[in-house]
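One structure is given here, and the rest of the page talks about it.
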Amino acid sequence: MISFDRSLDRSRVGGIAALVVAATLSACGGGGNTPPPPVALTCNDTLKTAFKPDAQTSMVAVKAFKKGDALLLSGTAGGSTPAAASDICMVKLTVGPGNAGPAGAPSTSVGIGIEIWLPAKAAWNGRVHALGGGGWQGGTAGSATAIASTAAADVAANEGAVSSTTDTGHSTPGTGAFAMNPDGTINQTLWTDFASRGIHEQAVKTKALATAYYGSAPKFAYWEGGSTGGRQGLSLAQNHPEDYDGMVALYPAINWTRFITSELYPQIVYQRDLAGTPLSKAQSDLVSNAAIAACDVVGGQHLGYILDPSACTYDPTKDANVLCVASGGTNATSSCVSTAQAQAMNKIWYGMTTDGTAPDPAADNGWSQAASSTLMGSGNQRWFGLTRGTTFYSPIFVGLASPDLEFPIASDMVALELQNPTIAGAGFQNATGNGQSLWKQMSYGQLSNAYDRGVALQTQFGGIDTNNPDLSAYKNRGGKILTWHGLADELIVPQGTINYYNRVAAQMGGMPGVQSFFRLYMVPGQGHGTPNGTSNPAAVIPAVAPGQMYALLTDWVENGTAPDQVTLQTTSGSATRSMPMCVYPKKITYVTGDPAVAASFSCS
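If you read the sequence shown in the working numbering, its first letter stands for residue -19, the second for the next number, and so on.
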């Protein structure tokens, strides 16, 4: 058992306990030196007066759900409405002060909404298992009429842990417009709520309510999230190490302004180099699958995905099989690519540069700085590109290089960096002007300038980049972190996570010191939380199973069992494939035998 000082947790909830019992003082004789007995809290409206942690917090709603009850607060349940798997209690809080402003403005906020789910008292396992969000987050965590997270409800009902989620201070998901005031200036209050304060308040209030409701503090508190949720976990470790004992921080959206700005780069390549005409799905799939075929042979067999994209230097400008006849190739189909289109692919794979150039892949395939202990972005290459073989047309997300539609988080971010809402897409609303997709007119140099502006504005953006490599406070309190990142991530390129991990190692005395509390796994072929992020839909790719990392984390924190090599397995139809997942910087290495079996590989 790993132990550490919990005085911070107990001091935080001490005032809450006093408030909870204050109402019974007169009934118990009041005053004197004998403390009253604890008050048993009930999942009903009495909680609204019993739980008063501070002057900025108010309870919006509380509701008890019996096993089988439809999980909804208003309206009529339908056939697809999820039901409570066991008895659970939902509590919704708002933590001010929020941000005043005209009604209806995206920047107007009543405060941070937090939705907390409590298992039945007899079923509580003593844990908090809080969940992160995605994208710009937002949502209905502070709404009295809508449930924000049935996933958190499932954690409470099925696992027996207290769970929670937050809207990070704004109610409108899918847009960054909340971060700009009506006059076009930076909304520093909501940037801070989104970047760090919202998730910290979520931790504090979730643990406080659990302590008051069950009469004892949680034994362990865990965070789990991917993408924005992964960034949130690392933000908590960097800025509030006391909040959680362990973090599952998956494919994290750290280096926010750097990588989000660079997500617009593929579209700028299309605008500047291809007269605004993107590659079709057939064209990008043809070239991406050619890259896979050139780099996926293991044990004499094609895997259908690339084990190590850092070693792949495939160059479509030199591949006659994908080049059109008019460009000197042999491909006469409608999916062939011109030399200019092939070079556009090379640019997207290399990553954002200040001037739109990209070297010969044989000299530099875009990975040269990934393993550096220096923060990426100070040279001509501003950020990394999509890995070769990754799909340009994700069936789940708006792909970074999809046609006719920019990735909206990226165009929103550039608009915020330049404080010009018209640069964003149509979903960005502001009193000074709505989004008009004027990003299409930007040059390579102008996009690079937006990147620099984002980095320079970190203090006003609430420190959204979340890339401080000093995790010593979290290590010293006994905290543990597990991260995996797919090597075919369609949205957040994995090289940025590798670069951050190497920076942490340099800051904290090398890999052994980091691996004692923070372990990173790179997963070939896996996408942005999806089992297959490649352009080859037929690929059978061993994937991380739901709950697999959380189980490893709790075992590490509670029993001291540090995870090492992990086996992944996937079955598709009659095909089953397994492979090891290695602790970085080890890589999967083929030894001998069937490439479809994990035992044929080692981590070295």
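All C-beta atoms in this analysis are idealised placements derived from N, C-alpha and C, irrespective of residue type, glycine included.
Backbone CA spacing between residue i and residue j [nearest angstrom]
i: Val577; j: Ser129; result: 37 Å
i: Pro565; j: Leu287; result: 14 Å
i: Ala64; j: Phe45; result: 7 Å
i: Thr402; j: Ala579; result: 55 Å
i: Gln487; j: Asp25; result: 50 Å
i: Ala190; j: Thr120; result: 21 Å
i: Ser353; j: Pro449; result: 10 Å
i: Gly118; j: Thr541; result: 36 Å
i: Pro575; j: Gly513; result: 20 Å
i: Asn235; j: Thr241; result: 10 Å
i: Arg483; j: His109; result: 28 Å
i: Trp536; j: Tyr224; result: 14 Å
i: Arg(-8); j: Ala188; result: In this prediction, Arg(-8) scores a pLDDT of 37, lower than 50, which makes its location untrustworthy; the coordinate-derived value is nonetheless stated afterwards. Roughly 7 Å between the two C-alpha positions.
i: Arg(-10); j: Ala132; result: A caution first: Arg(-10) carries a pLDDT of 34, below 50, which makes its placement in the model unreliable, though a value can still be read off. Cα to Cα, Arg(-10) sits roughly 24 Å from Ala132.
i: Ala561; j: Leu533; result: Going by the sequence as given, residue 561 is Met instead of Ala. Each residue's alpha carbon lies about 15 Å from the other.
i: Cys583; j: Met491; result: 16 Å
i: Leu(-12); j: Trp464; result: Interpretation of Leu(-12) is limited by its pLDDT of 35, a score under 50 that renders its predicted location unreliable; the figure taken from the coordinates is listed afterwards. When rounded, the distance between both Cα atoms is 30 Å.
i: Ala80; j: Gln409; result: 17 Å
i: Gly178; j: Gly114; result: 14 Å
i: Gly10; j: Gly112; result: Any reading at Gly10 needs caution, since the residue's pLDDT is 40, under 50, leaving its predicted position unreliable; the model's value is listed next. Between Gly10 and Gly112, the C-alpha separation is close to 42 Å.
i: Thr88; j: Gly507; result: 35 Å
i: Asp544; j: Lys420; result: 46 Å
i: Ala404; j: Phe372; result: 21 Å
Paired residues, beta bridge with residue i - DSSP
i: Pro560; result: Thr547
i: Lys585; result: Missing from the structure shown is residue 585; the chain here goes from -19 to 584 and no further.
i: Glu139; result: Per DSSP, none; premise fails for Glu139.
i: Glu95; result: Lys72, Thr145
i: Arg238; result: Paired residue(s): none; Arg238 is not in a bridge.
i: Phe45; result: Ile68
i: Arg499; result: Leu462
i: Asn311; result: Cys304
i: Leu230; result: Gly206
i: Asn79; result: Ser89
Nearest neighbour of residue i, chosen from the options [CA to CA]
i: Gly413; options: Leu427, Met422, Gly425, Leu396; result: Leu396
i: Ser123; options: Pro62, Val249, Leu52, Thr165; result: Leu52
i: Thr599; options: Ile272, Gly425, Ala342; result: With the chain represented from -19 up to 584, any question about residue 599 goes unanswered, as that position is not in the structure.
i: Asp469; options: Gly308, Ile376, Glu139; result: Ile376
i: Met559; options: Thr463, Val278, Leu427; result: Val278
i: Ser374; options: Gln440, Phe497, Leu418, Pro511; result: Pro511
i: Ser196; options: Ser314, Arg252, Ala20; result: Ala20
i: Val571; options: Gly280, Ser428, Thr550, Pro339; result: Gly280
i: Leu259; options: Val228, Gly407, Ala324; result: Ala324
i: Asn593; options: Asp432, Phe387, Phe581, His220; result: Missing from the structure shown is residue 593; the chain here goes from -19 to 584 and no further.
i: Ile472; options: Gln416, Gly459, Leu380, Ile68; result: Leu380
i: Asn400; options: Ile389, Gln416, Glu386; result: Gln416
C-beta atoms of residue i and residue j nearer than 8 Å
i: Gly509; j: Tyr231; result: yes
i: Trp104; j: Tyr194; result: yes
i: Gly357; j: Trp363; result: yes
i: Gly466; j: Val494; result: no
i: Gly106; j: Lys28; result: no
i: Gly643; j: Phe174; result: The requested residue 643 is not part of the displayed model; the chain covers only -19 to 584.
i: Thr186; j: Ser151; result: no
i: Pro82; j: Gly91; result: no
i: Thr146; j: Trp116; result: no
i: Gly309; j: Cys316; result: yes
i: Pro249; j: Lys327; result: Looking at the sequence shown, residue 249 is not Pro but Val. Result yes, Cβ atoms of Val249 and Lys327 sit closer than 8 Å.
For this session: Mind the definition here: the stretch 65 to 78 touches the stretch 37 to 50 only if three or more C-beta pairs lie below 8 Å; say whether that holds.
Result: They touch, by the three-pair rule.
Exercise. Does the stretch 288 to 301 come close enough to the stretch 196 to 212 that 3 or more CB-CB pairs lie under 8 Å?
Worked result: Touching, no, given that fewer than three Cβ pairs across the two stretches are closer than 8 Å.
For this session: Please determine if the stretch 161 to 179 and the stretch 431 to 442 are in contact, where contact requires at least 3 C-beta pairs separated by less than 8 Å.
Result: Yes: at least three Cβ pairs fall under 8 Å.
Exercise. At a cut of 8 Å, does the stretch 300 to 307 reach the stretch 262 to 273 through at least three beta carbon pairs?
Worked result: The stretch 300 to 307 makes contact with the stretch 262 to 273: 3 or more CB pairs, one atom from each, lie closer than 8 Å.
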